[in-house]
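As structure tokens, the structure follows; a few thoughts come after it.
Chains as they are written, first to last, in my numbering: chain A, 1 to 135; chain B, 136 to 266.
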């Protein structure tokens, strides 16, 4: 029954989008973390989406997070000679998180999430209507 | 008699099958709205419906000794790629608002099919009940 596949497809999108939202939260929380767990400045992380066939019987494609990559952008240099991590010229290497980019990422992720919930709700009401057939 | 009932319900059933298949294709498009290089897909509902009517969801047999084969989906054959109004830089051709509009349209069509089928069922009930 294809209508049940709608639920599986949309739920893959929900988990992918929530993972994206997780990454955004991590980036925003660490926008000013000069040191991360490996001793270097935090690097922004980005998710890479990939579509995947759901199962052999259906034509629908789900979506999954293939990889979480580290943003290759150059780190931000902040002039702050009093900082304990400042280099010889007084510059502190700060994370390469672009806060504006992360905010738009967050809005996009939450909108996509909402739309997929909408799709699931529509599929649910269609299934309920089908169940009520002949009554 | 049962065979006649089958035929009686065949038309709305074909439409319902196609509607649910289309909702699956459209939901896949919406799910992949942010996937780079994903190409949105859809099929021409009217064409697929007339195709289903001709082949009856089965294989054509030109000889009595041919196997009937398993039911071939007319949907997979009819699937096409959508031409986007605006291209995006990551190669994705999903336009979420359009897909959502099509999805709602499909849902309304499905409700209409279901109402139609309900009416047919009520008609049959009226016919078999003694007054």
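Heads up, the beta-carbon is just placed ideally off N, CA and C, and yes, glycines get one too.
Are the region 152 to 165 of chain B and the region 2 to 15 of chain A touching, with three or more C-beta to C-beta distances below 8 Å?
Contact between the region 152 to 165 of chain B and the region 2 to 15 of chain A is present: 3 or more CB-CB pairs across the two stretches fall below 8 Å.
For residue 12 (chain A), is the classification buried or exposed, using 16 other Cβ atoms within 10 angstroms of its Cβ as the cut-off for buried?
Its Cβ being crowded by 16 or more others within 10 Å, residue 12 (chain A) is buried.
Anyone know if the C-beta pair for residue 129 (chain A) and residue 249 (chain B) falls short of 8 Å?
Yes, Cβ-Cβ distance for residue 129 (chain A) and residue 249 (chain B) is below 8 Å.
Identify the residues that DSSP records as bridge partners of residue 76 (chain A): which are they?
BP columns for residue 76 (chain A) point to A:94.
Hey, quick one: how far does the beta strand (DSSP E) through residue 53 (chain A) stretch, first residue to last?
Secondary structure note for residue 53 (chain A): its beta strand (DSSP E) is the uninterrupted segment 45 to 53.
Is residue 221 (chain B) helix, strand or coil by DSSP?
For residue 221 (chain B), the three-state secondary structure derived from DSSP is coil.
Considering only their Cβ atoms, is the gap separating residue 97 (chain A) from residue 34 (chain A) smaller than 8 Å?
It is not a contact, given that the beta carbons lie outside the stated cut-off.
With burial defined as no fewer than 16 other Cβ atoms inside 10 Å of the residue's Cβ, what is the status of residue 52 (chain A): buried or exposed?
Residue 52 (chain A) is exposed by the Cβ-count criterion.
Status (buried if at least 16 other CB within 10 Å, exposed otherwise) for residue 72 (chain A)
Label assigned to residue 72 (chain A): exposed.
Minimum C-alpha distance to residue 62 (chain A) - residue among A:25, A:43, A:115 and A:8
When only C-alpha atoms are compared, the closest one is A:8.
Where does the unbroken alpha helix (DSSP H) through residue 244 (chain B) begin, and where does it stop?
Residues 231 to 263.
Select from the region 141 to 175 of chain B all residues with a C-beta closer than 9 Å to any C-beta belonging to chain A, and list them in chain order.
Within the region 141 to 175 of chain B, the residues whose Cβ lies closer than 9 Å to some Cβ of chain A are 151, 152, 154, 155, 156, 157, 158, 159, 160, 161, 162, 163, 164, 165, 166, 167, 168, 169, 170, 171, 172 and 173, listed in chain order.
Anything in chain B within Cβ reach of residue 115 (chain A), meaning under 8 Å, just list it in chain order.
Neighbours of residue 115 (chain A) on chain B, chain order: 165, 168, 231 and 235.
Report the residues of the region 2 to 22 of chain A with a CB closer than 7 Å to any CB of chain B, ordered along the chain.
For the region 2 to 22 of chain A, which is checked against every Cβ of chain B, the residues closer than 7 Å are 2, 3, 5, 6, 9, 10, 12 and 13.
Given that a residue counts as buried once 16 or more other Cβ atoms are within 10 Å of its Cβ, and exposed if not, what is residue 169 (chain B)?
Result: buried.
Within the 8 Å Cβ cut-off, does residue 133 (chain A) reach chain B?
Yes, residue 133 (chain A) lies at the interface with chain B (some Cβ there is under 8 Å from its Cβ).
Residue 176 (chain B) by DSSP, collapsed to three states: which one?
Here residue 176 (chain B) sits in strand by DSSP.
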